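Asks: Listed in order, the protein sequences are those of chains A and B.
To convert, note that position 87 of the first sequence is 86 in numbering that gives the first Met the number 0; the numbers rise steadily by one, no gaps.
To convert, note that position 278 of the second sequence is 277 in numbering that gives the first Met the number 0; the numbers rise steadily by one, no gaps.
Don't be surprised by glycine CBs; every beta carbon is placed ideally from N, CA and C.
Bear in mind the structure is a predicted one, so any value in this text is a computation, not a measurement.
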Amino acid sequence: MKTPPEPALQPAPLSELAKGLLSLALILHLICVGTALVSNFRRSSVLEKLVSLYAPYTQLLNLDPDRTPYHLTHGDPLDDDAVLVADLYADSPVAQQQPVKTVTLPDRGSRWLESRRRYLSLARAVQTHAPADRDPDDYETLVITTVARDVGRRLLDEHKARHAVVRCVRRMSQPRLLADLNPGFPASDPRAPAYDVTVLTADVWIDEDGQTQVARRAARSELAPLRPEGAR
Amino acid sequence: MSAMPNKLDEPTWSQQWQRAWESFWFTPADPRPLAAVRIVVGLTALIYLWSFSYDLARWFGPHGLVPEDTARLIARGPDERTLYRYSLLSLARSPAELWVVHVASIAAAAALTIGLATRLSAVLTLACVLSYVHRAPVIGGLLEPVLSMFLFYLCFAPAGTSCSLDKLLGMPAWLCGSDRPGVAAAICLRLMQIHLAALYAVMGASKLYGNAWWDGDAIWLLVAQTHSRPLDLTGLREWPYLLSGWAHLVAYTQLAFPALVWSRLTRPIMLALATLTWLSLIPVTGQTLFCLFMIATSVVYLPGWVWRWGGSARDAALIGGG
Chain A
0 MKTPPEPALQ PAPLSELAKG LLSLALILHL ICVGTALVSN FRRSSVLEKL VSLYAPYTQL
60 LNLDPDRTPY HLTHGDPLDD DAVLVADLYA DSPVAQQQPV KTVTLPDRGS RWLESRRRYL
120 SLARAVQTHA PADRDPDDYE TLVITTVARD VGRRLLDEHK ARHAVVRCVR RMSQPRLLAD
180 LNPGFPASDP RAPAYDVTVL TADVWIDEDG QTQVARRAAR SELAPLRPEG AR
Chain B
0 MSAMPNKLDE PTWSQQWQRA WESFWFTPAD PRPLAAVRIV VGLTALIYLW SFSYDLARWF
60 GPHGLVPEDT ARLIARGPDE RTLYRYSLLS LARSPAELWV VHVASIAAAA ALTIGLATRL
120 SAVLTLACVL SYVHRAPVIG GLLEPVLSMF LFYLCFAPAG TSCSLDKLLG MPAWLCGSDR
180 PGVAAAICLR LMQIHLAALY AVMGASKLYG NAWWDGDAIW LLVAQTHSRP LDLTGLREWP
240 YLLSGWAHLV AYTQLAFPAL VWSRLTRPIM LALATLTWLS LIPVTGQTLF CLFMIATSVV
300 YLPGWVWRWG GSARDAALIG GG
C-alpha cells in the first residue's frame with residue numbers, strides 16, 4: 000500500500016551551537032579512535048603516549064583493538080598454531096608414573112565457532128611470551144608460568160589428579176613445496192610429532208596446604224621443517 | 000558563519016568545508032538501515048555471548064583457566080599499564096552468580112535483536128559484551144573490537160523504529176528513536192561507515208608488513224595451520240596461482256575498500272569483493288562469526304533505493320552516503 004508522500008528532507012533543525020558542539024564531539028571521538036586504530040599493529044613512543052592518554056575512553060569501550068592480529072598471518076613462527084597440553088598424574092613425583100590422562104586444549108567445540116578459538120588464543124599468548132632462555136624473574140616468564148599454573152590447576156580439579164605437566168606446543172606449518180621439507184618431517188602427515196615444538200613445559204601440583212605450585216622446566220631448541228634459503 | 004553567501008560571491012574555502020561537513024554529518028537520514036544493523040549486531044552479540052555457555056565456569060569460575068589476576072597481569076603488560084577494563088563478571092563469586100550474569104547478558108542481546116526497549120537494551124548489551132571482553136582480553140579475537148564499536152553507536156541510534164517490538168508496542172520515541180529521518184540516524188550511520196572503513200584500512204595496512212601477503216603465501220600459511228583451519232585444503236598446494244591470487248585479492252580488497260566504498264560507482268564492486276573475500280576466509284581461518292559479521296555490517300553502505308520498501312517519498316532519503 001502506498002503511503003502519502005512526505006515533504007522533501009529539510010536541513011536539520013539544529014542550532015549553530017548544537018552543530019558546533021556535535022562537531023567538536025565528533026572530531027574528538029574520531030581523533031581518539033583514529034589514534035587507537037593506526038597504532039594497532041605497531042606503536043611508536045608518541046602513539047603509545049597518545050593511546051594511554053585516550054585509554055579511559057577507547058579502552059573502556061573497546062574501541063582500541065590493542066594489537067588484534069587482523070593481519071591473520073605474516074608467516075612468522077609466532078603466527079603458527081599452538082595448543083596447551085596437560086599430562087595429568089595421580090600424584091607427585093611423576094618420574095616413575097604414566098599419565099592418567101592427557102588433555103589437549105581445545106578439547107571441545109567446533110572448528111567453525113568462537114568457543115574453540117579462545118583456547119587457541121590462550122595458547123598463542125603463551126607462545127608469544129615464551130622465548131627461550133629468558134630470565135626466570137622477568138615478566139614473560141611470570142606470564143607463562145602463571146598461565147600454566149592456572150590451566151594446570153583447572154585441569155587437576157576437573158580430572159581429580161594431583162600433578163600436571165603443562166606444555167605449550169607450537170605446530171610448525173608445512174611449506175607449500177614439499178621439496179623444501181627438512182629430513183625427518185613427513186610430507187604425508189603435517190600433524191606428525193616432528194612438526195610440534197614444545198615452547199613451554201611446567202610442572203603444576205597441589206601441595207600439602209592445598210596451594211598450587213608451579214615450576215618451569217628448561218626449554219630446548221628445535222629444528223624447523225623448512226630448510227634455510229641457502230640449504231635448498 | 001551562519002550568514003548566507005551572496006550569489007555573486009564565491010564561497011571561501013572554509014565555507015565550502017563547513018557546508019561539506021554539515022552536509023556529510025547533519026543531513027537527516029532514514030533510520031531503517033539502523034534497524035537492519037540492530038538485528039545483525041544483536042544477533043551476533045547473542046551468538047557471541049551464547050558461545051561462552053558451555054565453558055563459562057571453565058573460563059571465569061573459581062579456579063578457572065584465566066583468573067582475573069592473571070588476565071590483568073597479561074593485559075597490563077611489562078610496563079604495568081593502567082587498565083580501564085571493568086567487568087560485571089567480576090561481581091560473580093560463584094558459578095551460580097556467574098550464570099545469573101550470563102543469562103542476563105543473553106537476555107539483553109535477545110532484547111536488542113528483537114527491538115525491545117532498543118536504546119536501553121543496546122546499552123545493556125554493550126555493557127555485557129564489554130564485561131566478557133574486559134574479563135579476559137587474552138582470549139579475545141578479531142570480532143570483539145568490531146562488535147563493541149557497532150554496539151556503542153547503536154546506543155545513540157534510533158534503531159528500534161522498524162522491525163521491532165518497540166514499534167508493535169508503540170514504545171515512546173526516547174526508548175526506540177523517531178521513525179522520521181533525523182540527524183541522530185545520519186550521525187550514527189556516518190560513524191559506523193567511517194569506523195568500518197578505518198578498520199578495513201587497519202586490516203589492509205597490517206598485511207603490508209612482512210612478506211606473506213606480498214609474496215602471495217599468506218593463504219597457504221593459513222591453510223597449513225592444522226589446529227585452526229576448519230577444512231583441510233592442502234590439496235591446493237598444486238595451485239600456486241590460485242593461492243597467490245587469493246591472497247592478493249584479500250589484501251588489495253582490504254586496502255582499496257576504505258577509499259573506493261565512498262563512490263557510488265565503485266561501492267557495489269567493493270561490497271561484492273568484500274563479501275567474496277570474507278566468505279573465502281571462513282574455511283581457512285575458522286573465523287566464521289567474524290567473517291559473517293563483516294559481511295552483514297556492509298548494510299551501512301547500502302544505497303537509499305535498497306530501503307525503499309514503503310513507497311513513501313521519505314524513502315528516497317539519503318542513507319548516509321546513499
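Using a Cβ-Cβ distance under 8 Å, would G33(A) count as near chain B?
Replies: yes
Asks: I'd like to know if D202(A) contacts chain B, where contact means its C-beta is closer than 8 Å to some C-beta of that chain.
Replies: no
Asks: On the three-pair Cβ rule with 8 Å, is the segment 68-75 of chain B touching the segment 142-156 of chain A?
Replies: yes
Asks: Under three-state DSSP, which class holds A223(B)?
Replies: In the structure shown, A223(B) sits in coil (DSSP, three-state: anything other than H, G, I, E or B).
Asks: Using the C-alpha atoms, what's the distance from L254(B) back to T232(A)?
Replies: Beyond the ends of chain A as shown, which are 0 and 231, falls residue 232(A); an answer cannot be given.
Asks: Out of A110(B), H101(B) and P157(B), point me to the one whose CA is closest to C175(B)'s CA.
Replies: If we check each option's Cα against that of C175(B), P157(B) comes out closest.
Asks: Touch check for the segment 81-93 of chain B and the segment 58-72 of chain A: three-plus C-beta pairs under 8 Å?
Replies: yes
Asks: Looking only at its chain, what residues have a beta carbon closer than 7 Å to the beta carbon of A211(B), apart from the 5 residues adjacent to it on each side?
Replies: Excluding sequence neighbours, A211(B) sits near A217 and L220.
Asks: Buried or exposed, going by whether 16 or more other CB atoms sit within 10 Å of the CB of S14(A)?
Replies: S14(A) counts as exposed, since fewer than 16 other C-beta atoms from the protein chains shown sit within 10 angstroms of its C-beta.
Asks: Just how far apart, CA to CA, sit E47(A) and F292(B)?
Replies: 30 Å
Asks: Exposed or buried, Y240(B), counting other C-beta atoms within 10 Å across all chains shown (16 or more means buried)?
Replies: exposed
Asks: Quick one: is S50(B) near chain A, going by C-beta distance under 8 Å?
Replies: Chain A, which has a Cβ nearer than 8 Å to the Cβ of S50(B), makes this yes.
Asks: Can you check whether the C-beta of L132(B) is within less than 8 Å of a C-beta belonging to chain A?
Replies: First, the amino acid is wrong: residue 132(B) is Val here, not Leu. Yes, because at least one Cβ of chain A sits closer than 8 Å to the Cβ of V132(B).
Asks: Name the chain B residues whose beta carbon is nearer than 9 Å to that of H158(A)?
Replies: In chain order: nothing, as chain B lies at least about 13 Å away.
Asks: Taking P55(A) as the reference, which of C31(A), V203(A) and K18(A) has the closest Cα?
Replies: C31(A)
Asks: Give a yes or no on whether 8 Å exceeds the smallest Cβ distance from N61(A) to chain B.
Replies: yes
Asks: Leaving out five residues on either side along the sequence, give the residues of the same chain with a beta carbon under 6 Å from the beta carbon of S130(B).
Replies: S86, L87 and L88
Asks: Assuming the contact rule is C-beta atoms closer than 8 Å, A295(B) and V39(B) should be a hit. Round their C-beta distance to whole Å, please.
Replies: 4 Å
Asks: For V84(A), which residues in the same chain have their Cβ closer than 6 Å to its Cβ, ignoring the five residues on either side in sequence?
Replies: T103, R166 and V168
Asks: Please classify G237(A): is it buried, with 16 or more other beta-carbons within 10 angstroms of its beta-carbon, or exposed?
Replies: Outside the displayed span of chain A (0 to 231) sits residue 237(A), for which this structure offers no information.
Asks: Comparing alpha-carbon positions, which option in L280(B), D29(B) and D78(B) lies nearest V249(B)?
Replies: Nearest C-alpha to V249(B): L280(B).
Asks: Is the Cβ of Y69(A) closer than 8 Å to any Cβ of chain B?
Replies: yes
Asks: Quick check on DSSP: helix, strand or coil for A44(B)?
Replies: helix
Asks: State the start and end residues of the unbroken alpha helix (DSSP H) segment that holds K48(A).
Replies: K48(A) -> alpha helix (DSSP H) spans S44 to T57.
Asks: Could you list the residues in the segment 165-195 of chain A with a C-beta less than 7 Å from some C-beta on chain B, going in chain order?
Replies: R170, S172, Q173, R175, P189 and R190
Asks: What does the Cβ neighbour count give for Y194(A), buried or exposed, with the cut at 16 atoms within 10 Å?
Replies: buried
Asks: Just the C-alpha distance for F149(B) and M191(B), rounded to the nearest angstrom, thanks.
Replies: 7 Å
Asks: Restricting to runs no shorter than 4 residues, where is the alpha helix (DSSP H) found entirely within the segment 237-299 of chain B?
Replies: 239-259, 266-284 and 287-295
Asks: Using a C-beta to C-beta distance shorter than 7 Å, which residues of chain B count as neighbours of V99(A)?
Replies: Result: empty, since nearest Cβ-Cβ is about 19 Å, beyond 7 Å.
Asks: Could you check whether the Cβ of S120(B) sits closer than 8 Å to any Cβ belonging to chain A?
Replies: no
Asks: With a threshold of 7 Å on Cβ separation, who are the neighbours of T287(B) within its own chain once the five nearest residues in sequence on each side are excluded?
Replies: I281
Asks: Within 10 angstroms of its Cβ, does D231(B) collect 16 or more other Cβ (buried), or is it exposed?
Replies: exposed
Asks: Which residues does DSSP pair with C167(A) in a beta bridge?
Replies: L83(A) and L199(A)
Asks: To the nearest angstrom, how far is it from the Cα of A24(A) to the Cα of L16(A)?
Replies: 12 Å
Asks: Please state whether the Cβ-Cβ distance between Y138(A) and P77(B) is less than 8 Å.
Replies: Yes, these two residues count as a Cβ contact at 8 Å.
Asks: Any idea which residues DSSP pairs H73(A) with across the strands?
Replies: Its beta-bridge partners do not exist; DSSP assigns none.
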